[in-house]
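Asks: Submitted below is the structure of interest, expressed as structure tokens.
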Amino acid sequence: MDCRPSPTAAAGAEEAGGEAPPPTTYRIGYALSPKKVESFIQPSLLNLAKQRHIHLLPIDLHKPLSHQGPFDCLLHKLSGPDWTQQLRHFSSLHPDVPIIDPPDAVLRLHDRLSMLQVVRDLHLPEPIDESDSSSSSSCSFGIPHQEEEEAAQMPPVSFLARLAKALRNALGLHLFNFDVIRDGRFGNRYLVIDINYFPGYAKMPSYETVLTDFFLDLLRRKQQQ
């Protein structure tokens, strides 16, 4: 599927006095709802991606996924048995092509019990309250009462970073966000109240740079494997 010259061949060409090979280009196929396409696939994202040698290509949902491509990566936010089966079949044919994100991992977020289990199994280092080195914290999953929402405070940034990394590893997902509040009844105890797959990144400042950096990092790491 990948016909690009190897790094060794490219280096040999340069040493022999030949021209340097053209930059590696990447093809990312995306399958999104019309509403998601409208909000996410902005001209600003397409233009920056193209400047960085990334081509974002729409997947034709009226044709079998396995008949399309080649792709270096798949990006999707669709659901349903047929689409899930197509992704699994594509992955069996092209196991080296990353899927953002694997359907089975996404499905865990559709069930609150499995989502709950992920959070319960997290083990975060303590302490996390930067304002008090003697305090410790925990994280749980729950639905807050109204008085808890009113008492909510912003958790320390270092804690949020550790929590995000732990969730990413536990969920096996790349694109998600989560809602967390402080439980005013128990000091440094936090409630993860929701986890959302592939949220509205277009609302984030400079989302184009963040996403293209992410794509390049993922694809370059895949090449090095």
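So for the sequence shown, numbering that gives the first Met the number 0 puts the first residue at 0; every next one is plus one.
Idealized CB from N, CA, C, for every residue including glycine.
#1: Let me know if Arg-199 comes out buried or exposed under the rule of 16 or more other beta-carbons within 10 Å of its beta-carbon.
#2: In whole angstroms, give me the CA-to-CA distance for Gln-86 and Gln-116.
#3: How would you write the range of the beta strand (DSSP E) that Pro-57 sits in, first residue to last?
#4: Can you list, in chain order, the residues of its chain whose CB lies under 6 Å from that of Ala-48, leaving out five sequence neighbours each side?
#5: Could you tell me the distance, in whole angstroms, from the CA atom of Gln-145 to the CA atom of Ile-180?
#6: Quick check on DSSP: helix, strand or coil for Arg-184?
#7: Measure from the alpha carbon of Arg-167 to the alpha carbon of each residue in Glu-207, Ala-201, Leu-121, then state which is nearest.
#8: DSSP state of His-66, grouped into three classes?
#9: How big is the Cα-Cα spacing for Arg-51 and Leu-172?
#10: Please list the terminal residues of the continuous alpha helix (DSSP H) segment that includes Ala-160.
#11: Is the segment 22-30 close to the segment 61-72, with three or more CB pairs under 8 Å?
#12: Check whether the Cβ of Arg-161 sits closer than 6 Å to any heavy atom of the ligand COA, and report yes or no.
Replies: In brief:
#1: A small correction: the amino acid at residue 199 is Gly; Arg does not occupy that position in the sequence shown. The residue in question, Gly-199, is exposed, as its Cβ has fewer than 16 Cβ neighbours within 10 Å.
#2: In the sequence on display, residue 86 carries Leu and not Gln. Straight-line Cα distance between these residues: approximately 25 Å.
#3: 53-57
#4: Leu-55, Thr-211
#5: Legend: pLDDT at Gln-145 = 44, less than 50; position of this residue unreliable, value from coordinates given subsequently. The alpha-carbon atoms of Gln-145 and Ile-180 are separated by roughly 12 Å.
#6: coil
#7: Leu-121
#8: helix
#9: 24 Å
#10: 156-170
#11: yes
#12: With respect to the ligand COA, the structure shown offers nothing to examine, as it has no ligands at all.
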